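Asks: Those protein sequence lines, which keep their order, are chains A and B.
The numbering of the first sequence is my numbering, which starts it at 1 and goes up by one.
The numbering of the second sequence is my numbering, which starts it at 1001 and goes up by one.
Protein chains: 2
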Amino acid sequence: MNNFDFYNPTHIVFGQDRFAELDTLIPADAKVMITYGGESAKKYGTVDKAREALKGREIVEFGGIEPNPHFETLAKAADIAKAENIDFLLAVGGGSVMDGTKFIALAAKDDSGKYQNILFNGFEPVPATEALPLGCIATLPATGSEMNMAGVITYNEQKYPFMSPLTFPKFSVLDPDLTKTLPKEQIANGVADAFIHVIEQYLTQPVNAKVQDRIGEGVLKTLIEDGPVTYADNDDLDARKNFMWSATTALCGSIGAGVPQDWSTHMIGHEMTASFGIAHGRTLAIILPNVLRERKDKKHAKLVQYAERVWDITEGTDDEKINQAINKTEAFFNDLDIFTNLTHYGIDDEGIDRIVNNMEKMGLTALSETGDLTLDIVRKILVATK
Amino acid sequence: MNNFDFYNPTHIVFGQDRFAELDTLIPADAKVMITYGGESAKKYGTVDKAREALKGREIVEFGGIEPNPHFETLAKAADIAKAENIDFLLAVGGGSVMDGTKFIALAAKDDSGKYQNILFNGFEPVPATEALPLGCIATLPATGSEMNMAGVITYNEQKYPFMSPLTFPKFSVLDPDLTKTLPKEQIANGVADAFIHVIEQYLTQPVNAKVQDRIGEGVLKTLIEDGPVTYADNDDLDARKNFMWSATTALCGSIGAGVPQDWSTHMIGHEMTASFGIAHGRTLAIILPNVLRERKDKKHAKLVQYAERVWDITEGTDDEKINQAINKTEAFFNDLDIFTNLTHYGIDDEGIDRIVNNMEKMGLTALSETGDLTLDIVRKILVATK
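#1: When we look at the beta-carbon of Gly371 of chain A and count the other beta-carbons within 10 Å, is it buried (16 or more) or exposed?
#2: Which two residues bound the contiguous beta strand (DSSP E) that contains Gln324 of chain A?
#3: Shortest alpha-carbon distance to Ile101 of chain A belongs to which of A:Met272, A:Asp348 and A:Glu66?
#4: Going along the chain, which residues of its own chain have a beta-carbon closer than 7 Å to the beta-carbon of Ile187 of chain A, five neighbours each way excluded?
#5: Have a look at Ala1279 of chain B and Pro206 of chain A and give me their C-alpha separation to the nearest angstrom.
#6: Nearest-angstrom Cα distance between Ala1128 of chain B and Tyr1155 of chain B?
#7: Taking only three categories from DSSP, how would you classify Ser1264 of chain B?
#8: To the nearest angstrom, how far is the alpha carbon of Gln1016 of chain B from that of Leu1178 of chain B?
#9: What does Ser246 of chain A reach in chain B if we use C-beta pairs closer than 7 Å?
#10: Out of A:Glu52, A:Ile104, A:Asn148 and A:Lys159, point me to the one whose CA is closest to Phe120 of chain A's CA.
#11: Please list, in chain order, the chain B residues whose beta carbon lies closer than 8 Å to that of Glu225 of chain A.
#12: Are the beta-carbon atoms of Phe14 of chain A and Phe1004 of chain B separated by less than 8 Å?
#13: Closest to Lys298 of chain A by C-alpha separation, out of A:Leu106, A:Ile352, A:Gly56 and A:Leu203, would be which residue?
#14: Inspect the beta-carbon positions of Ala108 of chain A and Ile86 of chain A and report whether they are closer than 8 Å.
#15: Is there contact between the segment 1211-1224 of chain B and the segment 1308-1324 of chain B, where contact requires at least three CB pairs shorter than 8 Å?
#16: Apart from the five residues on each side of it in sequence, which residues of its chain come closer than 6 Å, Cβ to Cβ, to Leu1074 of chain B?
#17: What are the start and end residues of the beta strand (DSSP E) that includes Asn8 of chain A?
#18: Cβ of Pro228 of chain A less than 8 Å from any chain B Cβ?
#19: Excluding five sequence neighbours on each side, which residues of the same chain lie with their C-beta closer than 6 Å to the C-beta of Ser970 of chain B?
#20: Of the choices B:Gly1227, B:Arg1018 and B:Glu1130, whose alpha-carbon is the least far from that of Thr1329 of chain B?
#21: If you follow the alpha helix (DSSP H) that Ala1050 of chain B is in, where does it begin and where does it stop?
#22: Please report the distance separating the alpha-carbon of Glu1084 of chain B from that of Glu1058 of chain B.
#23: Between Phe1333 of chain B and chain A, is there a C-beta pair that is closer than 8 Å?
#24: With 8 Å as the threshold, decide whether the Cβ of Tyr1007 of chain B is near any Cβ in chain A.
#25: Against Thr314 of chain A, what residues of chain B qualify as contacts under a CB-to-CB distance less than 8 Å, listed in chain order?
#26: Any beta-carbon of chain C closer than 8 Å to the one on Val219 of chain A?
#27: Assign Gln1201 of chain B to one of three DSSP states: helix, strand, or coil.
#28: Could you tell me the alpha carbon to alpha carbon distance between Ile137 of chain A and Thr1385 of chain B, rounded to whole angstroms?
#29: Might you give, ordered along the chain, the residues of its own chain that have their beta carbon closer than 6 Å to the beta carbon of Pro1260 of chain B, omitting 5 neighbours on each side?
#30: With DSSP collapsed to three states, give me the class of Val1173 of chain B.
#31: Specify whether the segment 345-364 of chain A and the segment 318-336 of chain A touch according to this definition: at least 3 beta carbon pairs, one from each stretch, less than 8 Å apart.
#32: Do Phe168 of chain A and Leu387 of chain A count as a contact pair if the criterion is CB distance below 8 Å?
#33: By the 7 Å beta-carbon criterion, what residues does the segment 1142-1154 of chain B contribute toward chain A?
#34: Could you pull the DSSP bridge partners for Thr154 of chain A from this structure?
#35: When you compare only the Cα positions, how much space is there between Met244 of chain A and Met1147 of chain B?
#36: Could you tell me which residues DSSP pairs with Ile34 of chain A in its beta bridges?
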């Protein structure tokens, strides 16, 4: 395996009935901004329960953080946080709210007058030295944002990833009961998102990192088993817990430590979300099968391992195993009612041009763990996905 | 799965040639005490390399921390740390040095005049509010101390565990090359120690914690594959890396999150070390097979899972699978030249009495995840191990 750094100081508070502990997790004298998205955080009482647990503290609410949160919305929140002298941010929601709150945390301590500069560091850490501390009440198992330092923000109709060790949540409360009111579609997208977070770190080139590989395979198997159960049955608490912890484990750093990472599917998916508004997890599920088919030779050894260990395919030649594994992966998404063809989403040849052209504008011209997935190959993948 | 908290803020710096980074990991103005054990840390140049990397800082050395480190030795180190106004502790060594340095970190900020009080909290965190910060250069993959908050100290000829969130190492440098000078016996003990750390968290009662189970199984399989390779072949760097990362992963908290934990084998093993000076990892390997045989019914479901998933035993009845898995576990230790009978270590009936009596004195009368492993059962296990 390659040299690596692993650092993840987020305190996870996992389980039912943990709300009251917010009182000990946030300093008693902190003025808190509770951030959230749409109506559900209010409607289902989550924001109120948080207020109740934080009794005695001054609270400011900032709602309306949209999916794929917009720079303008978050800039406004940061301005309010500054004006109100906020000490602590509490994100109540899914990946968009958590990612957005990480951005607010950095922007609230940025006096450059150009919050957008936070976004232009690619996969390098933001060169900030200060951020507001933040905590999360995670309501949607999907992005893993509750236990990592990264976020993705929409700016000028493009999605920009950013990261900073300053934006690790101080804590994240993961209460499986909070996910019970989610629309089914979001469960499906969350399963796909978590699954592909593992895949992008695992399905690359072998570097004999056995522990990392096996953690990845374990999370994939758990998602295959308990993702569909959670999707189908709202009352299976065991499955819901395993799905929730899988999504967090998928992107907390342990699977990607010391191994090559791909992230092509994410880069293509981000553009599909930015241009066509398709939910993030769904874009990944649409794209992944043909990314794997296209990169079969590059990823040969790991694909065989994936087929054997994750899908228990033991018969046939290597190529047959690989094809079966990719087909099973696609069927897994389809069984979650995720269509994996572009036509279903109204993306035609012109749409494909738009995706490829926008990726070019973003400088995303040499993707994958080997840096040789060009835009011509991206186009080929998209055409195959029509 | 059960509710749980997971928190582990240690920064892991894994890989070859990372020594120079010590300079950025420890504050530039810190006065540092480098702690180490016997001669090897000096002889093989590790202490000197650390000094070189920390150039410009005032350094105090404290060597001579013995295996199963003694209270008196560590109290002396804490007194020196106070007198010298040390700001940062750097442990260079294996579990004993790292555990001992955690104790020094707490004692150096303890003005009660009774450092031993640090030891009397059982598995509850030490009620300290301050500790010196510490970092580790881990030279022996085994205890996992490099990435957790716990330690074990010898006081009055008994082994006392202690833990505090204040004693998570700020960082741990894990350089596989540093382990190449270890005596073979210590590699074998380290493999057994790491293996049984997983077992004590994994082989209990099922609570449907799929991610945790699969991480545990992944670490066990890796130890089964790469432990013996590291033992036999000093030059297989890949295996050595996997062994090293397995040992750290085994006890960093991810396997034990939200599941019942046993630790009986450790409690019996500690007494064997205290009374007979047998190395820690070795005591665990001696005891474990008969703990499992004795607790076959209690642990039935998990033992079947262990047999099938870790040892790939698919034929036979459940009981046959369990027996095979336990026998394979014992053979695994034996193949590392660890004898698993008490007679080999000169422990006779009188020795067994001594172990049981000392455990009684320590109040260790109701062990295991179900709290019903009595001293009568401990005796039975020891007699079966004669």
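We put the beta carbon where it would ideally sit given N, CA and C, even for glycine.
Here the structure is a predicted model, which means the values were calculated and not measured.
Replies: In terms of the structure at hand:
#1: On the first sequence, residue 371 of chain A is found 371 positions in, with the first residue counted as 1. It counts as exposed.
#2: Position 324 of the first sequence, counted from the first residue, corresponds to residue 324 of chain A. Segment Asp318 to Asp335 is the alpha helix (DSSP H) holding Gln324 of chain A; no beta strand (DSSP E) there.
#3: If you number the first sequence from 1, residue 101 of chain A lands on position 101. Here residue 101 of chain A turns out to be Thr, not Ile, going by the sequence shown. Residue A:Glu66 is the option with its Cα nearest to Thr101 of chain A.
#4: Taking the first sequence and counting its residues from 1, one reaches residue 187 of chain A at position 187. Here the set comprises Thr230 and Tyr231.
#5: Taking the first residue of the second sequence as 1, we reach residue 1279 of chain B at position 279. Taking the first residue of the first sequence as 1, we reach residue 206 of chain A at position 206. Their Cα atoms are separated by approximately 36 Å.
#6: The count along the second sequence starts at 1 and reaches residue 1128 of chain B at position 128. The count along the second sequence starts at 1 and reaches residue 1155 of chain B at position 155. Going by the C-alpha atoms only, they are around 19 Å apart.
#7: Within the second sequence, residue 1264 of chain B is the residue found at index 264, counting from 1. Correct three-state label for Ser1264 of chain B: helix.
#8: Translated into positions along the second sequence, residue 1016 of chain B becomes position 16. Translated into positions along the second sequence, residue 1178 of chain B becomes position 178. Going by the C-alpha atoms only, they are around 9 Å apart.
#9: Working through the first sequence from its first residue, we reach residue 246 of chain A at position 246. Those within 7 Å of Ser246 of chain A in chain B are Val1211.
#10: As a first step, residue 120 of chain A must be located in the first sequence, where it is residue number 120. The residue from A:Glu52, A:Ile104, A:Asn148 and A:Lys159 with its alpha-carbon nearest to that of Phe120 of chain A is A:Lys159.
#11: For this step, residue 225 of chain A is matched to residue 225 along the first sequence. Simply Lys1210.
#12: Numbered from its first residue, the first sequence carries residue 14 of chain A at position 14. Numbered from its first residue, the second sequence carries residue 1004 of chain B at position 4. Taking 8 Å as the Cβ cut-off, Phe14 of chain A and Phe1004 of chain B qualify as a contacting pair.
#13: The residue you call residue 298 of chain A lines up with position 298 of the first sequence. Comparing Cα-Cα distances from Lys298 of chain A to each of A:Leu106, A:Ile352, A:Gly56 and A:Leu203, the minimum goes to A:Leu203.
#14: Taking the first residue of the first sequence as position 1, residue 108 of chain A is located at position 108. Taking the first residue of the first sequence as position 1, residue 86 of chain A is located at position 86. Yes, Cβ-Cβ distance for Ala108 of chain A and Ile86 of chain A is below 8 Å.
#15: yes
#16: Counted from its first residue, the second sequence places residue 1074 of chain B at position 74. So the list reads Gly1100, Phe1103 and Ile1104, once near-sequence residues are dropped.
#17: Here residue 8 of chain A refers to the residue found at position 8 when the first sequence is read from its first residue. Counting along the chain, the beta strand (DSSP E) containing Asn8 of chain A begins and ends at Phe4 to Phe14.
#18: Here residue 228 of chain A is taken as the residue at index 228 of the first sequence, counted from 1. Pro228 of chain A does not count as touching chain B.
#19: Chain B is shown from 1001 up to 1386; residue 970 of chain B falls before or after that span and cannot be answered.
#20: Along the second sequence, read from residue 1 onward, the residue named residue 1329 of chain B stands at position 329. The option with the nearest alpha carbon to Thr1329 of chain B is B:Gly1227.
#21: Here residue 1050 of chain B refers to the residue found at position 50 when the second sequence is read from its first residue. First-last of the alpha helix (DSSP H) with Ala1050 of chain B: Thr1046 to Ala1053.
#22: Indexing the second sequence from 1 puts residue 1084 of chain B at position 84. Indexing the second sequence from 1 puts residue 1058 of chain B at position 58. Computed Cα separation, rounded: 10 Å.
#23: Within the second sequence, residue 1333 of chain B is the residue found at index 333, counting from 1. Chain A contact via Cβ: absent.
#24: Along the second sequence, read from residue 1 onward, the residue named residue 1007 of chain B stands at position 7. Taking Cβ atoms only, chain A reaches closer than 8 Å to Tyr1007 of chain B, which makes this a yes.
#25: Working through the first sequence from its first residue, we reach residue 314 of chain A at position 314. Those within 8 Å of Thr314 of chain A in chain B number zero; the least Cβ separation is about 12 Å.
#26: Chain labels in this structure do not include chain C; the protein chains are A and B.
#27: The residue you call residue 1201 of chain B lines up with position 201 of the second sequence. Helix at Gln1201 of chain B.
#28: Locating residue 137 of chain A in the first sequence gives position 137, counting from the first residue. Locating residue 1385 of chain B in the second sequence gives position 385, counting from the first residue. The alpha-carbon atoms of Ile137 of chain A and Thr1385 of chain B are separated by roughly 50 Å.
#29: Against the second sequence, residue 1260 of chain B aligns to sequence position 260. Around Pro1260 of chain B, the same chain offers Thr1204, Gln1205 and Glu1369 as residues with beta carbons nearer than 6 Å, after the five sequence neighbours per side are excluded.
#30: Taking the first residue of the second sequence as position 1, residue 1173 of chain B is located at position 173. In the structure shown, Val1173 of chain B sits in a strand (DSSP, three-state: E or B).
#31: no
#32: Residue 387 of chain A cannot be examined here, being either before or after the span of chain A that is shown, 1 to 386.
#33: none
#34: Along the first sequence, read from residue 1 onward, the residue named residue 154 of chain A stands at position 154. The partner list for Thr154 of chain A (beta bridge, DSSP) reads A:His70 and A:Lys159.
#35: Residue mapping note: residue 244 of chain A aligns to position 244 of the first sequence, counting from 1. Residue mapping note: residue 1147 of chain B aligns to position 147 of the second sequence, counting from 1. The alpha-carbon atoms of Met244 of chain A and Met1147 of chain B are separated by roughly 24 Å.
#36: Taking the first residue of the first sequence as position 1, residue 34 of chain A is located at position 34. Note: Ile34 of chain A sits in a beta bridge opposite A:Glu61 and A:Leu90.
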